Amino acid sequence: MGVLTGKRAVVTGGSRGIGRAIALGLAQAGADVVVNYAHSTAAAAAVAAEVEALGQRGLALPADVSQVDEVERLVQQAWSWLGSIDVWVNNAGSDIITPPNRHLTRSQKLEMVLQVDVRGTALCSWAAGERMAAAGGGVILNVGWDKALAGGMAGDTAELFAISKAAIMGYTKSLARSLAPAVRVNCIAPGFIQTAWGQNASAAWQERVLAETPLRRWGRPQDVAEMAVFLASDAASFITGQVINVNGGVIM
Ligand code: NAP
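Counting in this note's numbering, the sequence shown runs from 1217 upward without gaps.
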């Protein structure tokens, strides 16, 4: 029996990277999982198939989390297919650091992180959280960034992630109060996790990441997934409104 046996989960942006690892981690722990995505139809279907191979029910559902009507449809479809929702993970994030989006202007990137990361997290949390509370309870997990509040890096990209992820981290605490005691709300704040950008980062970045991380390695998407499983489980039943770094020991 896994710690999430019988639970039903939705992971936004579950087609790739950290979201994929969270979807599979939740399934490994016994949850049925809806894998949301925006563009990557084949990748999301593959993750849903992996969920099924782990012995759980898996379904890929497209929706742009920044659009109210698409979020409403996603919540309704997921609720109806799963039977209810116990765990909602707001992982979807705009990729502003790999091509082609890295070539957008700074203000275009700002619009992306505000729309997808901030607005998407709030729209999904409202739509799913209120239903979960009315049905008796549940868990919402948001995704921040370990350096957001401390302004731990310089540069346009860091500024944009500070704007969007600090908002999500503050929102997590407020939402946790709004939805308590029925629904627990926490935020995982990853450090350097080796997804699309990290796999192709320059030699200088590879060195910098290792030098700045006390545990001397990149984080793996599974490291974030392990925390998601814990926070979604009853083992975390007295934890809400918290931001928890998964960053290899960087003190921010
Ligand atoms: P990623 O590889 O770029 O994957 C992003 C995911 O979000 C994809 O599944 C993508 O779906 C989905 N997505 C993008 N826009 C969407 C939209 N409008 N509606 C629904 N889904 C959308 O990202 P990642 O590196 O795994 O990061 C996942 C989360 O962790 C993000 O919130 C990111 O900001 C955060 N984070 C990452 C790191 C890191 O080092 N990697 C560090 C701190 C925080 P499609 O595939 O369909 O486009």
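The beta-carbon is built from N, C-alpha and C at its ideal position, and this holds for glycine as well. Only a predicted model underlies this, so the values are computations on that prediction, with no experimental measurement involved.
- Item | Beta-carbon proximity of Leu1277 to Leu1298, cut-off 8 Å | In the sequence shown, residue 1277 corresponds to position 61, counting from 1. In the sequence shown, residue 1298 corresponds to position 82, counting from 1. Not in contact: Leu1277 and Leu1298 (Cβ atoms no closer than 8 Å).
- Message: Measuring only from the beta carbon, is His1255 closer than 7 Å to any heavy atom that is part of ligand 1?
- Response: Position 39 of the sequence shown, counted from the start, is the residue given in the question as residue 1255. Result yes, Cβ under 7 Å from ligand 1.
- Task: Given a cut-off of 8 Å, decide if Val1303 and Ala1405 are closer than it, judged by their beta-carbon atoms.
- Result: For the purposes of this step, residue 1405 is taken as residue 189 along the sequence shown, with counting starting at 1. For the purposes of this step, residue 1303 is taken as residue 87 along the sequence shown, with counting starting at 1. It is not a contact, given that the beta carbons lie outside the stated cut-off.
- Query: Roughly how many angstroms separate the alpha carbons of Pro1437 and Gln1415, rounded to a whole number?
  - Reply: Locating residue 1437 in the sequence shown gives position 221, counting from the first residue. Locating residue 1415 in the sequence shown gives position 199, counting from the first residue. Computed Cα separation, rounded: 12 Å.
- Hey, could you find the ends of the beta strand (DSSP E) Ile1356 is sitting in? In the sequence shown, residue 1356 corresponds to position 140, counting from 1. Segment Gly1354 to Val1359, the beta strand (DSSP E) holding Ile1356.
- Task: Answer yes or no: the CB of Val1305 versus the heavy atoms of ligand 1, is any distance below 7 Å?
- Result: To locate residue 1305, count along the sequence shown from 1; it is residue 89. No.
- Task: Could you name the residues of the same chain whose beta carbon sits closer than 6 Å to that of Val1490, not counting the 5 residues immediately before and after it, in chain order?
- Result: Since the first residue of the chain shown is 1217 and the last is 1468, residue 1490 is not available in this structure.
- Only counting runs of 3 or more residues, tell me where the beta strand (DSSP E) segments fall wholly within the segment 1345 to 1417, in order along the chain. Counting only unbroken stretches of 3 or more residues, the beta strand (DSSP E) elements lying wholly within the segment 1345 to 1417 are 1354 to 1359 and 1399 to 1406, in sequence order.
- Item | Whole-angstrom distance between Val1466 and Glu1428, CA atom to CA atom | The count along the sequence shown starts at 1 and reaches residue 1428 at position 212. The count along the sequence shown starts at 1 and reaches residue 1466 at position 250. About 7 Å.
- Mind pulling the alpha helix (DSSP H) runs of 4 or more residues that sit fully within the segment 1247 to 1285? The qualifying runs are 1257 to 1269.
- Query: Over what stretch of residues does the alpha helix (DSSP H) that includes Ile1460 continue unbroken?
  - Reply: Position 244 of the sequence shown, counted from the start, is the residue given in the question as residue 1460. Here Ile1460 belongs to no alpha helix (DSSP H); instead the beta strand (DSSP E) covers Val1459 to Val1462.
- Message: If I measure Cβ to Cβ from Val1459 and keep anything under 7 Å in the same chain, skipping five residues before and after, which residues do I get?
- Response: What you label residue 1459 is simply residue 243 of the sequence shown in a count that begins at 1. Excluding five sequence positions before and after Val1459, the CB atoms of its chain that fall closer than 7 Å to its own CB belong to Gly1360, Met1385, Thr1388, Cys1403 and Ala1405, given in chain order.
- How about Lys1363 and Met1468: are their beta carbons less than 8 Å apart? Indexing the sequence shown from 1 puts residue 1363 at position 147. Indexing the sequence shown from 1 puts residue 1468 at position 252. Yes, the Cβ-Cβ distance between Lys1363 and Met1468 is below 8 Å.
- Look up Asn1317 in the DSSP assignment and say whether it is helix, strand or coil. To locate residue 1317, count along the sequence shown from 1; it is residue 101. Here Asn1317 carries a helix assignment [DSSP, helix/strand/coil].
- May I ask you to check if the CB of Gly1464 is nearer than 7 Å to at least one heavy atom of ligand 3? The ligand content of the structure shown is limited to ligand 1, which means ligand 3 is not among them.
- Message: Three Cβ pairs or more, each shorter than 8 Å: is that satisfied between the segment 1315 to 1326 and the segment 1268 to 1276?
- Response: Look at the beta carbons and you see the segment 1315 to 1326 not touching the segment 1268 to 1276: under three pairs across the two are nearer than 8 Å.
- Where do the N-terminal and C-terminal ends of the alpha helix (DSSP H) with Arg1236 fall, by residue? Counting from one through the sequence shown, the residue named residue 1236 turns up at place 20. In the DSSP assignment, Arg1236 falls within the unbroken alpha helix (DSSP H) covering Gly1233 to Gln1244.
- In terms of residues, what are the limits of the beta strand (DSSP E) holding Trp1304? Position 88 of the sequence shown, counted from the start, is the residue given in the question as residue 1304. First-last of the beta strand (DSSP E) with Trp1304: Val1303 to Asn1306.
- Message: Shorter than 7 Å, the distance from the beta carbon of Ile1409 to the closest heavy atom of ligand 1, or not?
- Response: On the sequence shown, residue 1409 is found 193 positions in, with the first residue counted as 1. Answer for Ile1409: yes, Cβ within range of ligand 1.
- Task: For the alpha helix (DSSP H) containing Val1445, list its first residue and its last residue.
- Result: Against the sequence shown, residue 1445 aligns to sequence position 229. Segment Pro1437 to Ala1448, the alpha helix (DSSP H) holding Val1445.
- Task: Would you mind reading off the limits of the alpha helix (DSSP H) that contains Arg1224?
- Result: Against the sequence shown, residue 1224 aligns to sequence position 8. Taken as a continuous stretch (DSSP letters only), Arg1224 belongs to no alpha helix (DSSP H), being part of the beta strand (DSSP E) at Arg1224 to Val1227.
- Residue span of the alpha helix (DSSP H) that contains Arg1424, given as start and end: Taking the first residue of the sequence shown as 1, we reach residue 1424 at position 208. Arg1424 -> alpha helix (DSSP H) spans Ala1419 to Glu1428.
- Reduced DSSP category for Arg1212 - H, G, I as helix; E, B as strand; rest coil: Nothing can be reported for residue 1212, as the shown portion of the chain is limited to 1217 through 1468.
- For Met1468, which of helix, strand or coil comes out of DSSP? Along the sequence shown, one-based indexing puts residue 1468 at 252. The DSSP-derived three-state label of Met1468 is coil.
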